[in-house]
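Position in the sequence shown (from 1) plus 1079 gives the number in my numbering.
Note that the Cβ used here is the ideal one computed from N, Cα and C, for glycine as well.
In what follows, a structure is listed as structure tokens, so that the remarks can point back to it.
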Amino acid sequence: METEKLYYSDPFLCRFTASVLSCEEVKGGFAVTLDRTAFYPEGGGQPADHGTLGTASVTDVHEKDGVIVHTCSSPLKAGGSVEGTVDWERRFDHMQQHSGEHIISGLLCSLYHCDNVGFHLGADTVTIDYNTELTWEQVVEAERRANEVIWADAAVEVAYPSPKELASIDYRSKKELTGQVRIVSFPEADCCACCGTHVLRAGQVGLIKVLSCQKFRQGVRLEILCGRRALHHLSAVFEQNRAVAQATSAKPTETAAAVERLLGELSSAKARTAHLEESVFASLAEQYRGAGDVVLWEEPMRPDAVRCLCDAVAQACGGRCMVFSGGDGHYAYAILSPGKDIREFVKALNSALQGRGGGRDGFAQGSVAADRAAIEEFLAQDAQPLP
């Protein structure tokens, strides 16, 4: 006997009573069937409802041959009656996301002659795949129109047309359909075959926000948020932007210009720093001219600065130069021995001091997880000269 699907007659129903038809232990819990249910089973890209049946938690719901099977945390007595409670926050979130997806997909497909070929309602975001390349400007225009549909707040229409009636309806569908088809329509936006739960009026979607549009296969993949998810995301972005505005002494609407200015200043400062480093490294290199093999210990520096110092000193000392930069048990290193094969030495260094890195043509760069004493002990054992 097929299960009566209460979620279709009233998608806002979250409490109901039903008779327990069967209960059997399965992997992950107990499989329970009822004569009727308000729990939506996973399908069409929409996750299953969660909630409780009596004192048992409902952790999954799926449909097989018209029968809704609830995976429960504990057994229920067959033949008895049970009260079900659907997790309303989860249900309404899914309805907002799914209905929002219909609205923007319907508009994109009609405006730009594409097809929705994939839909996934994830725990964090909603992704939608289309089989035509779309520009960001086109997507933004569809987002604008989608929100206007929401603000118009038209009632959502659900119909079960006869085969003859269905033949005259222009509706979206990802595949050929057989049997009774359920058509969900959002006036001025979409008409689509769908088995999911939806809001009753477009306004209940609240808001649609497109986060990204990336090339995917032969088309694009959109990432969107609707309703409460969109509000939470935009609130978080606003708080971040407000912090940036305060840090840069800019208005919230002018943070991009402020950051661009700071990046320009940072770039200039880096250029000046690099020039000063070159002067300092050249002066230091002169102190070791003709000294032969040299080991230098420096405060923490950028990896490219460690390399530049090693190169400058190696050119002056006439031997091998090793620069160790860091402290507190972690050092970056650069080693240069012109014309020599140092691969085995570097391999032994990394092995002994939990290091990583390497190179070729007499040069190597990397890091070790060791303090200065351990490094010096390794160098002494390897008969390498210390400064």
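Coil, strand or helix - residue i by DSSP
i	result
residue 1183	helix
residue 1454	helix
residue 1229	helix
residue 1109	strand
residue 1244	helix
residue 1466	Only weak support exists for where residue 1466 lies, its pLDDT of 37 falling under 50; the value from the coordinates is given anyway. Here residue 1466 sits in coil by DSSP.
residue 1239	coil
residue 1208	strand
residue 1103	strand
residue 1372	strand
residue 1413	strand
residue 1145	coil
residue 1384	helix
residue 1365	helix
residue 1271	strand
residue 1259	coil
residue 1138	strand
residue 1355	helix
residue 1285	coil
residue 1330	coil
residue 1324	helix
residue 1129	coil
residue 1213	coil
residue 1223	helix
residue 1174	helix
Inter-residue CB distance, residue i and residue j (contact presumed, cutoff 8 Å)
i	j	result
residue 1389	residue 1374	With 8 Å as the limit, residue 1389 and residue 1374 do not qualify as a contact, their Cβ atoms being about 11 Å apart.
residue 1268	residue 1286	Their Cβ separation, rounded to whole angstroms, is 15 Å, which puts residue 1268 and residue 1286 out of contact at 8 Å.
residue 1364	residue 1394	7 Å
residue 1124	residue 1193	Incorrect: roughly 17 Å between the Cβ atoms, too far for contact.
residue 1413	residue 1386	5 Å
residue 1208	residue 1300	5 Å
residue 1101	residue 1157	5 Å
residue 1415	residue 1399	7 Å
residue 1122	residue 1142	7 Å
residue 1441	residue 1418	6 Å
residue 1177	residue 1258	Residue 1177 to residue 1258, Cβ: 21 Å. No contact.
residue 1147	residue 1140	6 Å
residue 1322	residue 1330	About 14 Å; that fails the 8 Å criterion.
residue 1250	residue 1234	About 18 Å separates the two Cβ atoms, so there is no contact after all.
Distance between residue j and residue i (C-alpha atoms, nearest Å)
i	j	result
residue 1337	residue 1145	59 Å
residue 1356	residue 1391	11 Å
residue 1105	residue 1087	28 Å
residue 1306	residue 1422	58 Å
residue 1108	residue 1159	19 Å
residue 1382	residue 1327	29 Å
residue 1443	residue 1253	56 Å
residue 1196	residue 1210	7 Å
residue 1316	residue 1404	38 Å
residue 1465	residue 1359	Per-residue confidence for residue 1465 stands at a pLDDT of 38, beneath the threshold of 50, marking its modelled position as unreliable; no derived number is given.
residue 1232	residue 1181	15 Å
residue 1082	residue 1119	11 Å
residue 1342	residue 1335	10 Å
residue 1057	residue 1362	The structure shown does not extend to residue 1057, since the chain is modelled only from 1080 to 1466, so the question has no answer here.
residue 1085	residue 1189	32 Å
residue 1215	residue 1292	7 Å
residue 1131	residue 1312	29 Å
residue 1457	residue 1384	24 Å
residue 1463	residue 1372	With a pLDDT of 46 at residue 1463, under the threshold of 50, the predicted position of this residue should be treated as unreliable, though the coordinate-derived value follows. Cα to Cα, residue 1463 sits roughly 8 Å from residue 1372.
residue 1213	residue 1191	8 Å
residue 1126	residue 1320	33 Å
Environment of residue i [buried if 16+ CB atoms lie within 10 Å]
i	result
residue 1171	buried
residue 1248	exposed
residue 1452	exposed
residue 1410	buried
residue 1239	exposed
residue 1184	buried
residue 1352	exposed
residue 1206	buried
residue 1175	buried
residue 1150	buried
residue 1354	exposed
residue 1096	exposed
residue 1128	buried
residue 1256	exposed
residue 1224	buried
residue 1333	exposed
residue 1201	exposed
residue 1099	buried
Short CB-CB distance (under 8 Å) between residue i and chain D
i	result
residue 1400	Absent from the structure is chain D; it holds one protein chain and no more.
Flag this pair as touching only if the segment 1429–1438 and the segment 1447–1461 have three or more C-beta atom pairs under 8 Å; answer yes or no. yes
Can you find at least 3 beta carbon pairs, one from the segment 1157–1170 and one from the segment 1085–1099, that sit closer than 8 Å? yes
Quick check: the segment 1278–1285 against the segment 1216–1232, are at least 3 beta-carbon pairs closer than 8 Å? yes
Take every Cβ of the segment 1100–1117, pair it with every Cβ of the segment 1254–1270, and state whether three or more of those distances are shorter than 8 Å. The segment 1100–1117 is not in contact with the segment 1254–1270.
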